[in-house]
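In the working numbering, the protein residues as written are 73 to 270.
Heads up, the thing below is written out as structure tokens.
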Amino acid sequence: MNRLIAPLLLLTFASVTAAQPFPDRIRGYKVHETPILIDGKQKPNSFVIDSLSISELSLSGVSVEADVSLSGIDQSGEIEFITFEKFSLGSLPFDIAEYKTPFRLSKNARVKLSSPLTVSLTTLAAINAFNRERENPSKVLRLTGIAYVFGRFKRFGLRFRRAVPVVIDLDIPNPLAGKVPIESATPFGAFTIKSEIR
């Protein structure tokens, strides 16, 4: 599961243009003209999923919390909140709750987010996806979605209030394809995994 969530945390660590229209303003923030595209072709900076745990399990859905640390950041700024839209992994849609805890980005310093990210999906969708991949696992899964990073970013000694769109469209290793134990990958048991991806 951590391999599914981890790429969502690469929100400010690439800088190539995505050919996709975006609104001029969101919630009063001017949208940055050059979106960030995360497609796996750029060398990512390191980040760590310190732990994963199931925060809620019911007949209707599953929620997972991820504690996260970031490093290798090549810019500084104050992040106020992050929103997530239209996320899916293969044919499985899922939601990521708005991250509302402000934090500071310091150039080339490790940052541990004080609050976890929360990922949720319906129980039926999780069961169907898990069964499909267990019976016929693919080596990679396509992760897509859009995140908006809202904050004040420092450039040329000045601070700018912006919403930076981040387009995610990349193939990631399938944790059910023999690289992660089934017991750790299933959404129906508590677990804690420490993993560093570079």
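Even for Gly, the Cβ is constructed at its ideal location relative to N, Cα and C.
Legend entry - Terminal residues of the alpha helix (DSSP H) in which Glu207 lies: Working through the sequence shown from its first residue, we reach residue 207 at position 135. Element bounds for Glu207: Thr195 to Glu207.
Inset, instruction - Check whether the Cβ atoms of Lys158 and Ile218 sit closer than 8 Å, and answer yes or no. - result: Here residue 158 is taken as the residue at index 86 of the sequence shown, counted from 1. Here residue 218 is taken as the residue at index 146 of the sequence shown, counted from 1. Yes. Within cutoff.
Inset, instruction - Could you please give me the residues that DSSP links to Thr216 through a beta bridge? - result: The residue given as residue 216 occupies position 144 in the sequence shown. DSSP links Thr216 through a beta bridge to Ser160 and Asp241.
Legend entry - Member of Arg204, Asn203, Tyr171 and Ser178 whose CA lies at the smallest distance from the CA of Thr190: Your numbering for residue 190 matches position 118 in the sequence shown. Out of Arg204, Asn203, Tyr171 and Ser178, the CA that lies nearest to the CA of Thr190 is found in Tyr171.
Inset, instruction - Classify Phe119 as helix, strand or coil using the three-state DSSP reduction. - result: As a first step, residue 119 must be located in the sequence shown, where it is residue number 47. A caution first: Phe119 carries a pLDDT of 49, below 50, which makes its placement in the model too unreliable to give a value.
Inset, instruction - Ignore the nearest five residues each way along the sequence and tell me which others in Lys184's own chain have a CB closer than 6 Å to its CB. - result: Here the question's residue 184 lines up with position 112 in the sequence shown. The answer, listed in chain order, is Ser141.
Inset, instruction - Answer yes or no: do His104 and Arg231 have a C-beta to C-beta separation smaller than 8 Å? - result: Indexing the sequence shown from 1 puts residue 104 at position 32. Indexing the sequence shown from 1 puts residue 231 at position 159. At least 8 Å separates the beta-carbon of His104 from that of Arg231.
Inset, instruction - Determine the contact status of Lys102 and Ser148, defining contact as a CB-CB distance below 8 Å. - result: Residue numbering aside, residue 102 sits at position 30 when the sequence shown is read from its first letter. Residue numbering aside, residue 148 sits at position 76 when the sequence shown is read from its first letter. Contact annotation: Lys102 and Ser148 have beta-carbon atoms that are not nearer than 8 Å.
Inset, instruction - Tell me whether the beta-carbon of Ile110 lies closer than 8 Å to the beta-carbon of Leu242. - result: Residue mapping note: residue 110 aligns to position 38 of the sequence shown, counting from 1. Residue mapping note: residue 242 aligns to position 170 of the sequence shown, counting from 1. Cβ distance < 8 Å, so Ile110 and Leu242 count as in contact.
Legend entry - Inter-residue spacing [alpha-carbon to alpha-carbon] between Glu205 and Ile126: Counting from one through the sequence shown, the residue named residue 205 turns up at place 133. Counting from one through the sequence shown, the residue named residue 126 turns up at place 54. Annotation: Glu205 to Ile126 spans about 20 Å, alpha carbon to alpha carbon.
Legend entry - Top-ranked residue by Cα proximity to Asn208, from Ser132, Phe166, Asn246 and Ile168: Along the sequence shown, read from residue 1 onward, the residue named residue 208 stands at position 136. Closest by alpha carbon: Asn246.
Legend entry - CB-CB length for Thr216 against Ile244, believed under 8 Å: One-based indexing of the sequence shown puts residue 216 at position 144. One-based indexing of the sequence shown puts residue 244 at position 172. Between Ile244 and Thr216 the Cβ distance is about 11 Å, and since that is not below 8 Å, they are no contact.
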